[in-house]
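What follows is a short report on a single structure.
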DNA sequence: GTTCTAGAAC
DNA sequence: GTTCTAGAAC
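Residue numbers (our numbering): 20 to 764.
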């Protein structure tokens, strides 16, 4: 491999004397290679001489010199990137799954590179076996086994995973060239994007892409070397597409032979515009034109109109109309009309393929897909709806159910796809937007009976809702909220979704009985455990000794390291196990027997207001010290500790004490009752709503800002440590969220 | 509420 | 083999 040229001064502009202080993008370099492939040496060689600030994140040593976790690596990398440093991810990263989270680090402001140290297996093994002082303690014979096993899983990185650049090194010279290239990078320098190094084809290469390479970089690929100038990036390949007609006998797509004048992109035919860049993409089916029998001419007019509106407003995002069949009338109508209207073909195009396999078969990366849903938001039926639910696994249904149970025509529902869904892990789909269009089919519910005045109105509305939903996803993902760009609608949607939350899992048997009893509500606030004959269901909850700590403080407050303030009605103290940077408890002193929210009645209204006012004062004090915080004040529906207490908690949830699902959901599900709502409920109805259903604590883990779902606590914590999305609309209402004045969510 | 730990999940 | 959760004990 030849030395790689650097693009110094990426944007030199002659005659411009004044040098703009431009900060180059930090780079994440994901090293890919077995133990013994030389990853650590690679990093060290570069860091030793480089003028660019680099941090090497080594999983073998990240845990205080010992092996740590992927999450630790992610957090550490994320921190370094925030400081503007570039990062080497020094772990094996041998398959796509292992690399997935690292490729997403830092969003579009960070360049993503992979460097593959693809040295002969024997080299890796003999190096690993020989070394006596390896950081990861992988030595001797054990090493040979590990290396062999690991290499069985090897999956070469591909540009479509999200890299700007991949460098593949298969020998020492290749490695040295890559070291030289990176070592020479100053803070403002960039390396050319694309694939560099010998082209490797392997069993796991995506069909579509493999075929593509075969077509334009024929035969010699395997094992041959291309230098930097000869190598192909998909972008370059794509450009050649038009001048290189499809080969006869190409059989990867069943419909190739039917392809004549069609301008549709199709499965197996990724183009530069479709696969490589970080442009967020919404793939959507034509709404209402299949089973709902909406007139195609009218529908295509509306699609082009709405698409045109959207692409004019939004940069760095694109729309793709997808249909399964090649002869699709709606695609050709839309294509013709879009051309006539001169809609930018980079921002909108049509695509023939299966919407659930756009990436794995088509090489088309779509973060968001739309579903032509039914009004019950249920799987089944046929067509796109059945296919999407089937491809998503059960998690889409669960996630959908949590947000709404039905959908009106013209409306859309954004559902973040849980990461355990195959559609997420294999296809890279992060959100599904359910859309319901107007129905013209008398065999289906709510038929409009050929009323196209209403029908067109509803179809327009459906596309508006869909695209606005997409815009909201974009804004939360990028943390750049354009005030006027369709957020209002979605805020309403989100509130509606929240209000519609139901169909939770059944109570857990063991605890249900206690809750039920506790809940049935004592009218008396005075506990009298021995004389409770009036209502057999009324029960006194047995508070364990550990659960009495707050009660003792309330009865007999004493200066103590955790106690901050002692007043007649309340005691303020730091939570002993804070779940966020700031986490206080405002403890009611007033009455014995006022143990929890279920005990609260109208006569406590003044006390509740006092507690709120005191909590607010403390929140404001902390906001003065750190205006980046935001607070919620509220109660747990069913507290673990006796004696009514209100939490005042900052919304960063940055705490080592936040360890499990219950911790998270007790502050981030309807289980948490905002003090403002409690006061309102008590003043109106004489008591507070209590969400005592255990399933709230068992809910999937969702970010309190962008609502994305995460498979476990460590991953959630990694995510929230950097999520800057605005808080959901319902928190911004009614002063539920307390933040520094002049600072929006 | 936390801590501990078995075993599920990866 | 390691990471993570969830249930029991306190």
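Backbone N, C-alpha and C define an ideal beta-carbon position, used for all residues, glycine too.
In DSSP terms, what residue i is bridged to
{"i": "residue 722", "result": "Answer is none; residue 722 lacks a bridge partner."}
{"i": "residue 73", "result": "105"}
{"i": "residue 389", "result": "452"}
{"i": "residue 300", "result": "337"}
{"i": "residue 214", "result": "185"}
{"i": "residue 49", "result": "108 and 133"}
{"i": "residue 692", "result": "654"}
{"i": "residue 728", "result": "721"}
{"i": "residue 167", "result": "The partner list for residue 167 (beta bridge, DSSP) is empty, contrary to what the question assumes."}
{"i": "residue 769", "result": "Nothing about residue 769 can be reported from this structure: the residues present for the chain run from 20 to 764 only."}
Minimum C-alpha distance to residue i - residue among the options
{"i": "residue 701", "options": "626, 390, 746 and 592", "result": "626"}
{"i": "residue 451", "options": "458, 460 and 485", "result": "485"}
{"i": "residue 593", "options": "579, 178 and 587", "result": "579"}
{"i": "residue 130", "options": "100, 640 and 576", "result": "100"}
{"i": "residue 443", "options": "402, 412, 600 and 720", "result": "412"}
{"i": "residue 726", "options": "694, 661, 475 and 436", "result": "436"}
{"i": "residue 644", "options": "185, 672, 617 and 600", "result": "600"}
{"i": "residue 492", "options": "694, 706, 433 and 136", "result": "433"}
{"i": "residue 340", "options": "414, 734, 349 and 423", "result": "349"}
{"i": "residue 200", "options": "68, 165 and 181", "result": "68"}
{"i": "residue 682", "options": "736, 133, 646 and 697", "result": "736"}
Residue i versus residue j: straight-line alpha-carbon distance, rounded
{"i": "residue 466", "j": "residue 299", "result": "35 Å"}
{"i": "residue 597", "j": "residue 739", "result": "17 Å"}
{"i": "residue 747", "j": "residue 708", "result": "21 Å"}
{"i": "residue 454", "j": "residue 426", "result": "8 Å"}
{"i": "residue 483", "j": "residue 125", "result": "30 Å"}
{"i": "residue 371", "j": "residue 677", "result": "47 Å"}
{"i": "residue 636", "j": "residue 440", "result": "44 Å"}
{"i": "residue 399", "j": "residue 405", "result": "5 Å"}
{"i": "residue 103", "j": "residue 70", "result": "13 Å"}
{"i": "residue 751", "j": "residue 760", "result": "13 Å"}
{"i": "residue 76", "j": "residue 146", "result": "21 Å"}
{"i": "residue 584", "j": "residue 662", "result": "17 Å"}
{"i": "residue 207", "j": "residue 43", "result": "4 Å"}
{"i": "residue 338", "j": "residue 488", "result": "13 Å"}
{"i": "residue 648", "j": "residue 323", "result": "44 Å"}
{"i": "residue 638", "j": "residue 210", "result": "47 Å"}
{"i": "residue 582", "j": "residue 695", "result": "24 Å"}
{"i": "residue 595", "j": "residue 109", "result": "37 Å"}
{"i": "residue 771", "j": "residue 213", "result": "Lying outside 20 to 764, the shown extent of the chain, residue 771 is not represented and no answer is given."}
N-terminal and C-terminal residue of the alpha helix (DSSP H) that residue i is part of
{"i": "residue 177", "result": "Careful: residue 177 lies outside any alpha helix (DSSP H) and carries neither H nor E."}
{"i": "residue 784", "result": "Residue 784 lies beyond the range of the chain shown here (20 to 764); nothing can be said about it."}
{"i": "residue 62", "result": "58-68"}
{"i": "residue 821", "result": "Summary: the structure shown does not reach residue 821, with the chain confined to residues 20 through 764, and so no result is reported for it."}
{"i": "residue 413", "result": "413-422"}
{"i": "residue 737", "result": "732-739"}
{"i": "residue 199", "result": "191-202"}
{"i": "residue 607", "result": "It is not in any alpha helix (DSSP H) - residue 607 instead sits in the beta strand (DSSP E) that spans 602-607."}
{"i": "residue 593", "result": "Run containing residue 593: none in the alpha helix (DSSP H); it sits in the beta strand (DSSP E), 589-593."}
{"i": "residue 443", "result": "441-444"}
{"i": "residue 121", "result": "115-122"}
{"i": "residue 572", "result": "568-574"}
Extent of the continuous beta strand (DSSP E) to which residue i belongs
{"i": "residue 630", "result": "Taken as a continuous stretch (DSSP letters only), residue 630 belongs to no beta strand (DSSP E), being part of the alpha helix (DSSP H) at 624-644."}
{"i": "residue 319", "result": "Run containing residue 319: none in the beta strand (DSSP E); it sits in the alpha helix (DSSP H), 315-332."}
{"i": "residue 345", "result": "Here residue 345 belongs to no beta strand (DSSP E), and DSSP marks it neither H nor E."}
{"i": "residue 584", "result": "582-585"}
{"i": "residue 15", "result": "The question about residue 15 has no answer here: the residues shown for the chain are numbered 20 through 764."}
{"i": "residue 750", "result": "Where residue 750 is concerned, there is no enclosing beta strand (DSSP E), although the alpha helix (DSSP H) it sits in stretches over 748-751."}
{"i": "residue 668", "result": "664-669"}
{"i": "residue 311", "result": "From DSSP, residue 311 is part of no beta strand (DSSP E); its letter is neither H nor E."}
{"i": "residue 757", "result": "756-758"}
{"i": "residue 367", "result": "367-371"}
Residue i Cβ short of 6 Å to the ligand GDP heavy atom set
{"i": "residue 425", "result": "Judged by which ligands are present, the structure shown has none, so any question about the ligand GDP falls away."}
task = Evaluate contact between the stretch 712-719 and the stretch 682-693, counting only Cβ atoms and requiring at least three cross-stretch pairs below 8 Å.
result = yes
query = Counting Cβ pairs, one atom from each stretch, are 3 or more of them under 8 Å apart for the stretch 353-363 and the stretch 312-323?
reply = yes
inquiry  = With three or more beta-carbon pairs closer than 8 Å as the criterion, would you say the stretch 382-394 touches the stretch 302-314?
reply    = yes
query = How about the stretch 340-349 and the stretch 367-387: do they share at least three Cβ pairs that are nearer than 8 Å?
reply = yes
query = Quick one: any contact between the stretch 611-627 and the stretch 679-687, if contact means 3 or more CB pairs under 8 Å?
reply = no
request  = Would you be able to state if there are at least three C-beta pairs under 8 Å between the stretch 170-178 and the stretch 108-118?
outcome  = yes
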